[in-house]
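Q: Sequential numbering from 193 applies to the sequence shown in the working numbering. Built from N, CA and C at the ideal position, the CB exists for glycine as well. Can you read through this structure? Questions will come right after.
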Amino acid sequence: TSTWYYARPRPPTLRPLPFSPQSPKYTEPADAVCLQVLNTASPIAMASYLPPFLARLARPFTQSARLAIAADSPASHAPGATIPEGAQRCTVAAGCFWGTEHLYRRHFAGKGLIDAKVGYIGGDLENPSYRAVCGGKTGHAEAAQIIFDPAQVSYRQLLEFFYRMHDPATLNRQGPDTGPQYRSGIYFHDAEQEKVAREVTQRANEQWWKDGIVTEVAPAGRWWTAEEYHQEYLDHNPGGYECPSHFLRSFPPLKYD
Numbered sequence: 193t194s195t196w197y198y199a200r201p202r203p204p205t206l207r208p209l210p211f212s213p214q215s216p217k218y219t220e221p222a223d224a225v226c227l228q229v230l231n232t233a234s235p236i237a238m239a240s241y242l243p244p245f246l247a248r249l250a251r252p253f254t255q256s257a258r259l260a261i262a263a264d265s266p267a268s269h270a271p272g273a274t275i276p277e278g279a280q281r282c283t284v285a286a287g288c289f290w291g292t293e294h295l296y297r298r299h300f301a302g303k304g305l306i307d308a309k310v311g312y313i314g315g316d317l318e319n320p321s322y323r324a325v326c327g328g329k330t331g332h333a334e335a336a337q338i339i340f341d342p343a344q345v346s347y348r349q350l351l352e353f354f355y356r357m358h359d360p361a362t363l364n365r366q367g368p369d370t371g372p373q374y375r376s377g378i379y380f381h382d383a384e385q386e387k388v389a390r391e392v393t394q395r396a397n398e399q400w401w402k403d404g405i406v407t408e409v410a411p412a413g414r415w416w417t418a419e420e421y422h423q424e425y426l427d428h429n430p431g432g433y434e435c436p437s438h439f440l441r442s443f444p445p446l447k448y449d
């Protein structure tokens, strides 16, 4: 017997979606609504019936003409650009990339952060779009790439912050956001970054997260900068969705031998 899930009383233009325990697409009631958001021909009508954590999927498609089909097409974004001489990249995934970027900008502005972008990493599809990544089938993670000055802030400090600002102990999930695109990950750019990433992960796992960390630590691979409307999203939309697991934990400093 099928069971029907609705975030709120549905408008007459929307059809219910079945929940099937056999289908990984419907492992959560929220996923059924997510699929409806991505496939509905009327995202504006749909958005008003969604709770905040699902409205985030519809909101980009209800903004204005500039956020329409052209903004979400694969051709509207490209691999990461070059960075200033002496600067380095730190690439992390911590659930919804809006909040990840926002926390890094807020905490490290004027303290070594040169720039930050949100985008997609870790997948196989060329030119991934937001809609495609939201489907959870491309292999990409929503991620933030921080460009920083190592003379002012270290890669280690950025990763320690990473393990304080989200929950790395939930597999393929942050707060109510579920799916592999919301996984926790550190994507290193060279051998030295890999060494630091594994060391910080080990210490954070032992001292902060009690052997619960499920964070992926892997080579960076190809980066795709997300569509323009995702960049600095929470600065441009102060009332926008913020993942409830994105906050700074008051852990004691990590101890290193």
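Nearest by alpha-carbon distance to F340: which of R414, I313 and G302 is it?
A: Counting from 1 along the sequence shown, the entry for residue 340 is found at position 148. It is G302.
Q: Where does Y450 land, buried or exposed, given buried means 16+ other C-beta within 10 angstroms?
A: Residue coverage of the chain in this structure runs from 193 to 449, which leaves residue 450 outside it and unanswerable.
Q: Quick check: what's the CA-CA separation for S346 versus Q280?
A: Within the sequence shown, residue 346 is the residue found at index 154, counting from 1. Within the sequence shown, residue 280 is the residue found at index 88, counting from 1. The straight-line gap from Cα to Cα measures roughly 10 Å.
Q: Beta strand (DSSP E) containing K387: first to last residue?
A: Residue mapping note: residue 387 aligns to position 195 of the sequence shown, counting from 1. Element bounds for K387: not the beta strand (DSSP E) but the alpha helix (DSSP H), A383 to Q399.
Q: Applying the criterion that 16 or more other CB atoms from any shown protein chain within 10 Å of the CB defines a buried residue, is V229 buried or exposed?
A: If you number the sequence shown from 1, residue 229 lands on position 37. Bear in mind that a pLDDT of 38 at V229, under 50, signals an unreliable position, so the number given afterwards is only what the model happens to contain. When all chains shown are included, V229 counts as buried.
Q: Please return the same chain residues whose Cβ sits closer than 7 Å to the Cβ of A286, not counting the five positions on each side in sequence.
A: Counted from its first residue, the sequence shown places residue 286 at position 94. Same-chain partners within the cutoff: T292, F354, M357, H358, Q366 and S376.
Q: Measure from the alpha carbon of W290 to the alpha carbon of each residue in F300, Q423, P444 and F443, then state which is nearest.
A: Position 98 of the sequence shown, counting from 1, holds the residue named residue 290. Per the Cα distances, Q423.
Q: Please report the distance separating the alpha-carbon of T393 from that of D403.
A: Looking up residue 393 in the sequence shown gives position 201. Looking up residue 403 in the sequence shown gives position 211. Distance between the alpha carbons of T393 and D403 is about 10 Å.
Q: Let's see if you can read the secondary structure: which residues bound the beta strand (DSSP E) around C282?
A: The count along the sequence shown starts at 1 and reaches residue 282 at position 90. Run containing C282: Q280 to A286, per the beta strand (DSSP E) assignment.
Q: Taking only three categories from DSSP, how would you classify P436?
A: Residue mapping note: residue 436 aligns to position 244 of the sequence shown, counting from 1. In this structure, P436 counts as coil in the three-state DSSP scheme.
Q: Is the beta carbon of V406 closer than 9 Å to that of L363?
A: Stepping through the sequence shown from its first residue, residue 363 is reached at position 171. Stepping through the sequence shown from its first residue, residue 406 is reached at position 214. Cβ distance < 9 Å, so L363 and V406 count as in contact.
Q: Can you list, in chain order, the residues of its chain whose CB lies under 7 Å from that of Q385, leaving out five sequence neighbours each side?
A: The residue labelled residue 385 in the question sits at position 193 within the sequence shown. Excluding sequence neighbours, Q385 sits near Y347.
Q: My understanding is that P411 touches Y379, with C-beta atoms under 8 Å, so please give their C-beta distance in whole angstroms.
A: Looking up residue 411 in the sequence shown gives position 219. Looking up residue 379 in the sequence shown gives position 187. Indeed they touch by this definition, with Cβ atoms about 7 Å apart.
Q: Can you give the Cα-Cα distance for A324 and Y296, rounded to whole angstroms?
A: Looking up residue 324 in the sequence shown gives position 132. Looking up residue 296 in the sequence shown gives position 104. If I take the Cα positions, the gap works out to 26 Å.
Q: Among residues of its own chain, excluding the 5 on either side of G278, which ones have a beta-carbon nearer than 8 Å to its beta-carbon?
A: The residue given as residue 278 occupies position 86 in the sequence shown. Around G278: D341, P342 and A343.
Q: Looking at the secondary structure, which residues open and close the alpha helix (DSSP H) in which E352 lies?
A: Your numbering for residue 352 matches position 160 in the sequence shown. That run of the alpha helix (DSSP H) goes Y347 to M357.
Q: Using the beta-carbon count (16 or more within 10 Å), is G413 buried or exposed?
A: One-based indexing of the sequence shown puts residue 413 at position 221. So G413 counts as exposed.
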